[in-house]
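**Student:** For the record, the sequence lines run as chains D and V.
So the first sequence is numbered by this note's numbering: it starts at 1 and just counts up by one.
So the second sequence is numbered by this note's numbering: it starts at 419 and just counts up by one.
C-beta atoms are modelled at their ideal positions from N, C-alpha and C, and glycine is treated no differently.
Structure incoming, see below.
Protein chains: 2
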Amino acid sequence: MDIKQYMQDVGQQAKQAGQALANAETAIKNKALHTIADALLARSAWLQAENAKDLQAGRDNGLAAAMLDRLTLSDQALATMAEGLRQIAELADPIGVISDLKYRPSGIQVGQMRVPLGVVGIIYESRPNVTADAAALCLKSGNATILRGGSEAIHSNRAIASCVQAGLEAAGLPAACVQVIATTDRAAVGELLRLDDYVDVIIPRGGKGLIERVSQESSIPVIKHLDGICHVYIDDEAELDKAIAVALNAKTQRYGTCNTLETLLVAAGVAAEVLPALAACYAEKGVELRGCPQTQAILSGCGAATEADWQTEYLAPILSIRVVDDMAQAIEHINTYSSQHTDTIMTRNITRARHFLRAVDSSSVMVNASTRFADGFEYGLGAEIGISTDKLHARGPVGLEGLTSMKYVVFGDGHIRA
Amino acid sequence: MDIKQYMQDVGQQAKQAGQALANAETAIKNKALHTIADALLARSAWLQAENAKDLQAGRDNGLAAAMLDRLTLSDQALATMAEGLRQIAELADPIGVISDLKYRPSGIQVGQMRVPLGVVGIIYESRPNVTADAAALCLKSGNATILRGGSEAIHSNRAIASCVQAGLEAAGLPAACVQVIATTDRAAVGELLRLDDYVDVIIPRGGKGLIERVSQESSIPVIKHLDGICHVYIDDEAELDKAIAVALNAKTQRYGTCNTLETLLVAAGVAAEVLPALAACYAEKGVELRGCPQTQAILSGCGAATEADWQTEYLAPILSIRVVDDMAQAIEHINTYSSQHTDTIMTRNITRARHFLRAVDSSSVMVNASTRFADGFEYGLGAEIGISTDKLHARGPVGLEGLTSMKYVVFGDGHIRA
Chain D
1 MDIKQYMQDV GQQAKQAGQA LANAETAIKN KALHTIADAL LARSAWLQAE
51 NAKDLQAGRD NGLAAAMLDR LTLSDQALAT MAEGLRQIAE LADPIGVISD
101 LKYRPSGIQV GQMRVPLGVV GIIYESRPNV TADAAALCLK SGNATILRGG
151 SEAIHSNRAI ASCVQAGLEA AGLPAACVQV IATTDRAAVG ELLRLDDYVD
201 VIIPRGGKGL IERVSQESSI PVIKHLDGIC HVYIDDEAEL DKAIAVALNA
251 KTQRYGTCNT LETLLVAAGV AAEVLPALAA CYAEKGVELR GCPQTQAILS
301 GCGAATEADW QTEYLAPILS IRVVDDMAQA IEHINTYSSQ HTDTIMTRNI
351 TRARHFLRAV DSSSVMVNAS TRFADGFEYG LGAEIGISTD KLHARGPVGL
401 EGLTSMKYVV FGDGHIRA
Chain V
419 MDIKQYMQDV GQQAKQAGQA LANAETAIKN KALHTIADAL LARSAWLQAE
469 NAKDLQAGRD NGLAAAMLDR LTLSDQALAT MAEGLRQIAE LADPIGVISD
519 LKYRPSGIQV GQMRVPLGVV GIIYESRPNV TADAAALCLK SGNATILRGG
569 SEAIHSNRAI ASCVQAGLEA AGLPAACVQV IATTDRAAVG ELLRLDDYVD
619 VIIPRGGKGL IERVSQESSI PVIKHLDGIC HVYIDDEAEL DKAIAVALNA
669 KTQRYGTCNT LETLLVAAGV AAEVLPALAA CYAEKGVELR GCPQTQAILS
719 GCGAATEADW QTEYLAPILS IRVVDDMAQA IEHINTYSSQ HTDTIMTRNI
769 TRARHFLRAV DSSSVMVNAS TRFADGFEYG LGAEIGISTD KLHARGPVGL
819 EGLTSMKYVV FGDGHIRA
């Protein structure tokens with residue numbers, strides 16, 4: 001197989017299909033989504049048989065239990081995928097929405113219309129549900145998709161892709177609206193990252209290694225999500241019971257997510273009061289604490305935090321703690337070490353809250369709320385294709401609108417420029 | 419001079435200054451802008467003396483008259499620059515604006531706050547007014563700026579930069595909010611394009627060669643503007659007098675601008691009626707016509723348009739003309755050859771207008787208006803830093819908002835995720 005030529009063909013077909021999809025009526029796109037959901041349920045036995053091949057290969061290759069778990073298309077997993085597709089069908093169609101249409105002194109009327117980006121390339125690791133989720137989000141937002149999943153999920157991905165094809169066909173949309181790369185050859189990824197003529201944006205979903213490789217190699221813009229080193233700052237004017245509840249929830253509600261708390265900052269004025277109470281809660285949950293010298297002075301037996309701790313996304317029951325002089329020092333710490341994902345202040349003081357909101361340069365900045373709220377569903381986007389830690393284009397949770405662009409539309413009546 | 423170290427220092431200082439500027443109050447930024455305007459007028463004799471050094475060097479190096487003209491800081495040019503700064507001061511401050519703040523079922527309140535990008539690098543050619551314009555737009559939008567002008571304007575740019583410094587100082591803002599690269603060494607551009615750790619976006623302003631070089635070399639996202647191959651399609655249901663007026667204005671109001679008409683498409687049903695009348699108007703203006711065979715059959719003496727003509731931005735009194743069967747063929751031509759800048763349909767038919775608006779994938783799509791309206795001032799942006807032909811982030815004329823990003827803000831009252 002000539003990988004280069006194959007990928008060129010994939011790109012070219014995607015671009016053509018994208019033009020048709022950009023003009024598709026909302027009802028057509030929704031019909032495709034519902035039909036895909038129907039197919040996932042109707043073909044569940046076959047999907048699970050295909051999935052079993054991947055699981056067997058995974059076990060043969062010594063894949064970790066957690067990885068095998070993510071790879072499994074259980075009845076529940078298929079039902080969740082189908083439900084996700086129906087939810088995306090229910091979302092308002094962002095395409096074609098015209099906003100801010102206004103008359104100008106020249107007499108022309110100017111507004112902006114939301115339009116698809118064109119072709120979205122998605123590179124992901126073992127979760128086969130991404131095949132359906134990403135295809136559905138791109139479909140609804142009018143973008144053609146090129147999907148490149150992990151080789152360990154190839155049978156599952158192909159089977160899901162055939163359900164997607166059934167949906168496209170039923171709706172009368174071109175098959176190339178969603179293409180799953182047919183080869184497991186790693187060279188295909190490199191080729192995909194250089195399809196500048198056809199692909200408008202690349203979205204990698206997976207571990208840091210994948211995302212860094214994609215960012216470095218791609219000549220196409222990348223919407224990327226690197227670390228989530230999130231902070232909670234407990235101000236000396238915080239309501240301490242709420243501060244403790246939020247600091248506990250932000251760390252322990254789930255350990256492996258990017259919006260999980262990794263470093264707790266506590267104002268010196270309340271550290272002696274709040275830290276022992278919090279440490280008892282964390283101990284109950286089995287969270288290891290690593291503190292600055294002031295923290296260690298308050299919490300006997302607490303390990304020492306090193307410079308490396310402030311820079312680490314643990315994704316584990318470990319928390320680093322630093323006592324700071326005041327909010328200014330907390331903000332300085334956050335703007336130095338935060339991965340600009342999500343940071344929270346706990347305070348009753350509105351002046352401080354306002355200042356923190358403005359001065360912390362992160363994709364989500366919160367007042368008196370758990371960092372765990374930072375995701376597309378909680379924010380009301382309806383669905384998310386990822387969380388962007390970039391500043392350009394989309395920042396924070398990326399929903400349907402993040403997969404679109406705005407073009408200007410102008411109406412006149414024969415107007416000419418003087 | 420160690421260029422690499424120098425540029426690293428410039429980048430680091432810009433990043434620090436940007437953090438201060440991001441939090442600056444609106445009145446502080448406006449004070450800086452007005453003071454810069456005052457300084458440009460108060461120091462006009464000195465600015466013109468510095469400018470004279472560049473003009474002399476330009477003449478010695480055989481710079482073309484048009485280039486010397488662009489380089490000249492006449493009284494009028496200085497007054498226009500000062501007025502431009504005051505207009506930017508008058509614009510609403512986009513920074514800190516919170517939109518779509520709404521309560522979610524969880525009880526948290528979620529919105530988006532407009533924030534600066536951080537540090538903007540601007541690389542431009544001979545017009546020294548860009549030094550003041552770009553600095554002002556970045557300042558108002560809370561971004562630190564690194565400016566790299568052409569070596570042929572170095573004395574003028576440095577003199578303008580000293581006025582900018584006077585404004586920053588009067589407002590109590592860090593000097594590094596606006597830095598003009600002190601060396602004319604071309605290696606500085608290469609270093610600037612790789613300051614990923616400090617610079618958030620690069621904006622090249624100049625000819626196609628500059629923009630292509632910057633796009634290829636930069637490891638930082640680029641807001642770029644390549645060709646403007648703009649189209650007017652005269653539908654067979656157009657009002658012909660308006661169609662003729664718009665086609666004439668779009669081509670002849672100015673020849674050298676990116677929103678100038680380069681290819682006229684005419685529906686076969688009205689070609690025999692509209693083309694002779696239009697050709698007479700173009701002849702009066704001295705516009706050379708190059709037509710498809712059908713055009714040539716109608717306009718005797720009209721030259722032949724080749725494939726290359728459909729792909730050419732003339733920036734000159736030359737126009738290519740193609741007769742098309744219908745709107746579908748016009749759209750196909752536009753989506754094949756357009757540079758996705760600005761394209762217009764002339765028609766009375768609302769169904770066709772709606773279809774054209776949706777199907778043409780350009781940054782500005784117009785109905786019954788001249789392509790010449792496609793700019794930031796005409797659209798009401800107040801000012802523009804350029805026109806983007808990209809799809810990600812900013813598309814079309816880029817004003818203050820194009821220099822910003824949106825972060826999520828969340829308010830709770832101790833809310834935790836269940």
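(1) Would you list, in chain order, the members of the stretch 90 to 111 of chain D that have their beta-carbon closer than 8 angstroms to a beta-carbon of chain V?
(2) DSSP three-state label for residue 796 of chain V, please.
(3) Give the DSSP-derived three-state secondary structure of residue 637 of chain V in the structure shown.
(4) Taking residue 696 of chain V as the reference, give the member of V:724, V:454 and V:661 with the closest Cα.
(5) Going along the stretch 195 to 207 of chain D in order, which residues come within less than 7 angstroms of chain V, judged by CB to CB distance?
(6) Could you tell me whether any Cβ in chain D is nearer than 9 angstroms to the Cβ of residue 834 of chain V?
(7) For the beta strand (DSSP E) that contains residue 809 of chain V, what are its first and last residues?
(8) Starting from the N-terminal side, write out each stretch of the beta strand (DSSP E) that is 3 residues or longer and does not extend beyond the stretch 215 to 289 of chain D.
(9) If you reduce the DSSP assignment to three classes, tell me which class residue 709 of chain V lands in.
(10) Report the residue from V:576, V:519 and V:588 whose alpha carbon sits nearest the alpha carbon of residue 600 of chain V.
(11) Taking residue 456 of chain V as the query, report the chain D residues whose CB atoms sit under 9 angstroms from its CB, ordered along the chain.
(12) May I ask you to list the residues that DSSP assigns as paired with residue 782 of chain V?
(13) Do the CB positions of residue 373 of chain D and residue 828 of chain V come within less than 9 angstroms of each other?
(14) Report the residue ranges of all beta strand (DSSP E) runs contained in full by the stretch 496 to 543 of chain V; include only those spanning at least 3 residues, in chain order.
(15) May I ask which residues mark the beginning and end of the beta strand (DSSP E) holding residue 621 of chain V?
(16) By a C-beta neighbour count over all protein chains shown, 10 Å radius and 16 as the cutoff for buried, is residue 60 of chain D buried or exposed?
(17) On the CB-based measure, 16 or more other CB atoms within 10 Å of its CB, does residue 24 of chain D come out buried or exposed?
(18) Are the CB atoms of residue 203 of chain D and residue 122 of chain D within a distance shorter than 9 angstroms?
(19) Mind pulling the chain V residues with CB within less than 8 angstroms of residue 419 of chain D?
(20) Listed in chain order, which residues of the stretch 796 to 825 of chain V have Cβ atoms closer than 7 angstroms to some Cβ of chain D?
(21) Identify whether residue 733 of chain V lies in helix, strand or coil by the three-state DSSP scheme.
(22) Closer than 7 angstroms, Cβ to Cβ, to anything on chain V: give me those residues from the stretch 224 to 239 of chain D, in chain order.
(23) So the candidates are D:394, D:118 and D:249; which of them puts its Cα closest to the Cα of residue 835 of chain V?
(24) Would you call the stretch 565 to 573 of chain V in contact with the stretch 588 to 595 of chain V, where contact means no fewer than 3 C-beta pairs closer than 8 angstroms?
(25) Compare the C-alpha of residue 413 of chain V against each of V:516, V:499, V:818 and V:488 and name the closest.
(26) When you compare the CB of residue 23 of chain D with every CB in chain V, is at least one pair closer than 9 angstroms?
(27) For residue 166 of chain D, I'd like the list of residues in its chain whose CB is within less than 8 angstroms of its CB, leaving aside the five on either flank, ordered along the chain.
(28) By Cβ distance, which residues of its chain are closer than 7 angstroms to residue 104 of chain D, with the 5 residues on each side in sequence left out?
(29) Report the partner residues of residue 131 of chain D according to the DSSP bridge assignment.
(30) Please report the straight-line C-alpha distance between residue 392 of chain D and residue 215 of chain D, rounded to a whole angstrom.
(31) Using the Cα positions of residue 271 of chain D and residue 351 of chain D, report the straight-line distance between them to the nearest angstrom.
(32) Between the Cα of residue 354 of chain D and the Cα atoms of V:817, V:748 and V:515, which residue gives the shortest distance?
(33) Let me know if residue 708 of chain V comes out buried or exposed under the rule of 16 or more other beta-carbons within 10 Å of its beta-carbon.
(34) If you count every other CB in all the chains shown that lies within 10 Å of the CB of residue 413 of chain D, and 16 or more means buried, which is it?
(35) Can you give the Cα-Cα distance for residue 552 of chain V and residue 803 of chain V, rounded to whole angstroms?
(36) Could you name the residues of chain D that residue 561 of chain V contacts, counting a contact when the two beta carbons are closer than 8 angstroms?
**Tutor:** In terms of the structure at hand:
(1) Of all residues in the stretch 90 to 111 of chain D, the ones placed with a Cβ closer than 8 angstroms to any Cβ belonging to chain V are 96, 102, 104, 106, 108 and 110, in chain order.
(2) The sequence position of residue 796 of chain V within the second sequence is 378, counting from 1. DSSP places residue 796 of chain V in the coil class of the three-state scheme, outside both helix and strand.
(3) In the second sequence, residue 637 of chain V corresponds to position 219, counting from 1. Coil at residue 637 of chain V, not helix or strand.
(4) Here the question's residue 696 of chain V lines up with position 278 in the second sequence. If we check each option's Cα against that of residue 696 of chain V, V:661 comes out closest.
(5) For the stretch 195 to 207 of chain D, which is checked against every Cβ of chain V, the residues closer than 7 angstroms are 200 and 201.
(6) On the second sequence, residue 834 of chain V is found 416 positions in, with the first residue counted as 1. Using a Cβ-Cβ cut-off of 9 angstroms, residue 834 of chain V counts as an interface residue toward chain D, since at least one Cβ of chain D sits closer than that to its own.
(7) Numbered from its first residue, the second sequence carries residue 809 of chain V at position 391. Segment: none, residue 809 of chain V is in no beta strand (DSSP E) and carries neither H nor E.
(8) You should have 230 to 234 and 261 to 267.
(9) Here residue 709 of chain V refers to the residue found at position 291 when the second sequence is read from its first residue. Here DSSP, grouped into helix, strand and coil, assigns residue 709 of chain V to strand.
(10) As a first step, residue 600 of chain V is located in the second sequence; it is residue number 182 there, counting from the start. The option with the nearest alpha carbon to residue 600 of chain V is V:576.
(11) Walking along the second sequence from the start, residue 456 of chain V turns up at place 38. By Cβ distance, chain D contributes nothing, its closest Cβ being about 28 angstroms from residue 456 of chain V, past 9 angstroms.
(12) Residue mapping note: residue 782 of chain V aligns to position 364 of the second sequence, counting from 1. In DSSP, residue 782 of chain V forms a bridge with D:408 and V:760.
(13) One-based indexing of the first sequence puts residue 373 of chain D at position 373. One-based indexing of the second sequence puts residue 828 of chain V at position 410. Taking a C-beta distance under 9 angstroms as the contact criterion, residue 373 of chain D and residue 828 of chain V qualify as a contact pair.
(14) 516 to 521, 527 to 534 and 537 to 542, all fully within the stretch 496 to 543 of chain V.
(15) Here residue 621 of chain V refers to the residue found at position 203 of the second sequence. Per DSSP, residue 621 of chain V belongs to the beta strand (DSSP E) from 619 to 623.
(16) Residue mapping note: residue 60 of chain D aligns to position 60 of the first sequence, counting from 1. Exposed is the call here.
(17) Translated into the one-based positions of the first sequence, residue 24 of chain D becomes position 24. Taking a 10 Å sphere around the C-beta of residue 24 of chain D, we find 16 or more other C-beta atoms and assign the residue as buried.
(18) On the first sequence, residue 122 of chain D is found 122 positions in, with the first residue counted as 1. On the first sequence, residue 203 of chain D is found 203 positions in, with the first residue counted as 1. In contact: residue 122 of chain D and residue 203 of chain D (Cβ atoms closer than 9 angstroms).
(19) Nothing can be reported for residue 419 of chain D, as the shown portion of chain D is limited to 1 through 418.
(20) Listed in chain order, the positions of the stretch 796 to 825 of chain V with a beta carbon within less than 7 angstroms of a beta carbon of chain D are 796, 797, 798, 809, 810, 811, 813, 814, 823, 824 and 825.
(21) The sequence position of residue 733 of chain V within the second sequence is 315, counting from 1. In the three-state reduction of the DSSP assignment, residue 733 of chain V falls in the coil class, being assigned neither a helical nor a strand state.
(22) Answer in chain order: 239.
(23) For the purposes of this step, residue 835 of chain V is taken as residue 417 along the second sequence, with counting starting at 1. Its Cα nearest to that of residue 835 of chain V, the residue D:249 stands out among D:394, D:118 and D:249.
(24) Cβ pair count under 8 angstroms is below three, so no.
(25) The requested residue 413 of chain V does not occur in the structure, where chain V is confined to residues 419 to 836.
(26) Here residue 23 of chain D is taken as the residue at index 23 of the first sequence, counted from 1. With 9 angstroms as the cut-off, residue 23 of chain D counts as an interface residue toward chain V.
(27) By one-based count along the first sequence, residue 166 of chain D stands at place 166. Counting only residues of its own chain and dropping the five nearest sequence neighbours on each side, residue 166 of chain D has a CB closer than 8 angstroms to the CB of 35, 36 and 39.
(28) Locating residue 104 of chain D in the first sequence gives position 104, counting from the first residue. Taken in chain order, the residues that qualify are 110.
(29) Walking along the first sequence from the start, residue 131 of chain D turns up at place 131. Looking at the DSSP assignment, residue 131 of chain D forms no beta bridge with any residue, so it has no partner.
(30) Within the first sequence, residue 392 of chain D is the residue found at index 392, counting from 1. Within the first sequence, residue 215 of chain D is the residue found at index 215, counting from 1. Using only the alpha carbons, I get a separation of about 14 angstroms.
(31) The residue you call residue 271 of chain D lines up with position 271 of the first sequence. The residue you call residue 351 of chain D lines up with position 351 of the first sequence. Going by C-alpha positions, residue 271 of chain D is about 21 angstroms away from residue 351 of chain D.
(32) Within the first sequence, the letter at position 354 stands for residue 354 of chain D. If we check each option's Cα against that of residue 354 of chain D, V:515 comes out closest.
(33) Translated into positions along the second sequence, residue 708 of chain V becomes position 290. Buried, since its Cβ has 16 or more Cβ neighbours within 10 Å.
(34) Counted from its first residue, the first sequence places residue 413 of chain D at position 413. Its Cβ having fewer than 16 others within 10 Å, residue 413 of chain D is exposed.
(35) Here residue 552 of chain V refers to the residue found at position 134 of the second sequence. Here residue 803 of chain V refers to the residue found at position 385 of the second sequence. Residue 552 of chain V and residue 803 of chain V: Cα-Cα distance of roughly 6 angstroms.
(36) The count along the second sequence starts at 1 and reaches residue 561 of chain V at position 143. What residue 561 of chain V touches in chain D: nothing, since even the nearest Cβ is about 11 angstroms away.
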